[in-house]
Amino acid sequence: LIAGGSGMAPVMSMLRQLVSENSERKVSFYYGARAVKDLYFVDEINALGNQLADFRFIPALSEPAADDNWDGECGFITDVLFRNTDSLRAAEGYLCGPPPMIDAAVEVLKQKGMFNSRIRFDKFVQNS
5 LIAGGSGMAP
15 VMSMLRQLVS
25 ENSERKVSFY
35 YGARAVKDLY
45 FVDEINALGN
55 QLADFRFIPA
65 LSEPAADDNW
75 DGECGFITDV
85 LFRNTDSLRA
95 AEGYLCGPPP
105 MIDAAVEVLK
115 QKGMFNSRIR
125 FDKFVQNS
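Residue numbers are given in the working numbering: position 94 of the sequence shown equals residue 98, and the series is strictly consecutive.
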């Protein structure tokens with residue numbers, strides 16, 4: 005699972021569904037935000053993750069504020085994804101977020117061996 009910005013909402017729905025099904029699937033959730041103030045649902049994500057057999061939550065901040073005191077991953081979520089994954093040949097990808105993030109993440113997933121047929125995404129476009 006990979007999300008950025010408002011892409012968090014549909015991914016939360018997927019996590020809740022996995023928990024309701026008592027899923028045994030391995031789940032890694034990469035979430036990109038600018039700063040700590042942009043991270044939300046963290047407590048619920050951790051609570052849901054505790055109910056799954058094999059879950060990792062990897063948030064990353066692209067522009068952490070000086071007073072964030074952030075010691076987690078930094079950079080674009082696609083860079084964090086690349087650094088933290090090996091072969092994804094047997095995995096499936098579900099992505100929600102802004103089009104540039106989705107496009108970049110799809111390329112990383114393919115570089116890591118994921119087949120196009122196993123990648124699903126929803127690009128969220130902001131209206132101006």
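We put the beta carbon where it would ideally sit given N, CA and C, even for glycine.
Residue environment, A7, which counts as buried when at least 16 other CB atoms sit within 10 Å:
Buried, since its Cβ has 16 or more Cβ neighbours within 10 Å.
Roughly how many angstroms lie between the CA atoms of A39 and R93, to the nearest whole one?
Their backbone Cα atoms lie some 32 Å apart in a straight line.
Classify Y35: buried if its beta carbon has 16 or more other beta carbons within 10 angstroms, exposed otherwise.
Burial call: buried.
State the CB to CB distance for the pair F86 and F61, rounded to an integer number of angstroms; the pair is presumed to be in contact (CB under 8 Å).
At roughly 18 Å, the Cβ-Cβ gap does not stay under 8 Å, so F86 and F61 are not in contact.
Span of the beta strand (DSSP E) holding S24?
Per DSSP, S24 belongs to no beta strand (DSSP E); it is in the alpha helix (DSSP H), 12 to 24.
Can you list the alpha helix (DSSP H) stretches of 4 or more residues lying completely in the stretch 45 to 110, in chain order?
Counting only runs that start and end inside the stretch 45 to 110, the alpha helix (DSSP H) elements of at least 4 residues fall at 46 to 54, 81 to 88.
How about the stretch 15 to 34 and the stretch 119 to 126: do they share at least three Cβ pairs that are nearer than 8 Å?
No, the stretch 15 to 34 is not in contact with the stretch 119 to 126.
Suppose contacts are defined by Cβ-Cβ distances below 7 Å. Is G97 in contact with L113 by that definition?
Taking the C-beta atoms as reference points, L113 is found nearer than 7 Å to G97.
Check whether A64 and V84 have beta carbons under 7 Å apart:
Yes. Within cutoff.
Coil, strand or helix - K116 by DSSP
K116 falls in the coil class under three-state DSSP.
Starting from the C-beta of P14, find all residues in its chain whose C-beta is less than 6 Å away, skip the five residues before and the five after it, and write them out in chain order.
For P14, where only same-chain residues beyond five positions count, the Cβ hits under 6 Å are C100.
How many angstroms separate the CA atom of K41 from the CA atom of K116?
One C-alpha to the other measures close to 31 Å.
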